[in-house]
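Contents: one structure, followed by commentary.
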Amino acid sequence: MSNEAKSAIVAIGIPFVGVLGGIVLLAGSGTTVFGFPIVFAWLFLWMPLTTLCLHLAWTLFDRDEFEAAERADAHDADAEIGGQS
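This is the structure in C-alpha cells:
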C-alpha cells in the first residue's frame, strides 16, 4: 500500500468511521455527558481526534516527501539564480 493511501486512511478514513460509527451506535441512547446527549459528546470528542489523525498522517506519511520536494525546489531556484550571474 502506498504512503498516499495510508495517509488518506489515517487522515480521512479513521475519523469518518469514528464519527459515523458513533452516530449509528449512540443515536438511540438517552445517556448524557455534562448535560449533552452522548452522541453530541461523541461528535465533540472527534473534533480534536480528527486533528490528531491529520497530524499523524502528515508526520508518518507525508512530511518526508514534502520536505524533499521543498529542498529540490530550493535547489532548482538556487541553480537558476547562480546561472544568471
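First residue of the sequence shown: 14, per my numbering; consecutive thereafter. Ideal placement from N, C-alpha and C gives every residue a C-beta, glycine not left out.
*Compute the distance between the beta-carbons of A21 and C66, then report whether it is under 7 angstroms.*
Start at 1 with the first residue of the sequence shown, and residue 21 comes out as number 8. Start at 1 with the first residue of the sequence shown, and residue 66 comes out as number 53. No, the Cβ-Cβ distance between A21 and C66 is not below 7 angstroms.
*Where the alpha helix (DSSP H) through I27 begins and ends*: Residue 27 sits at position 14 when you count from the first residue of the sequence shown. Run containing I27: 27–39, per the alpha helix (DSSP H) assignment.
*In whole angstroms, what is the alpha-carbon distance linking A82 and H88?*
Taking the sequence shown and counting its residues from 1, the one referred to as residue 82 is at position 69. Taking the sequence shown and counting its residues from 1, the one referred to as residue 88 is at position 75. The straight-line gap from Cα to Cα measures roughly 10 angstroms.
*According to DSSP, what are the bridge partners of T45?*
Reading the sequence shown from its first residue, position 32 is the one you call residue 45. Looking at the DSSP assignment, T45 forms a beta bridge with P50.
_So for S20, helix, strand or coil by DSSP?_
The residue you call residue 20 lines up with position 7 of the sequence shown. S20 falls in the helix class under three-state DSSP.
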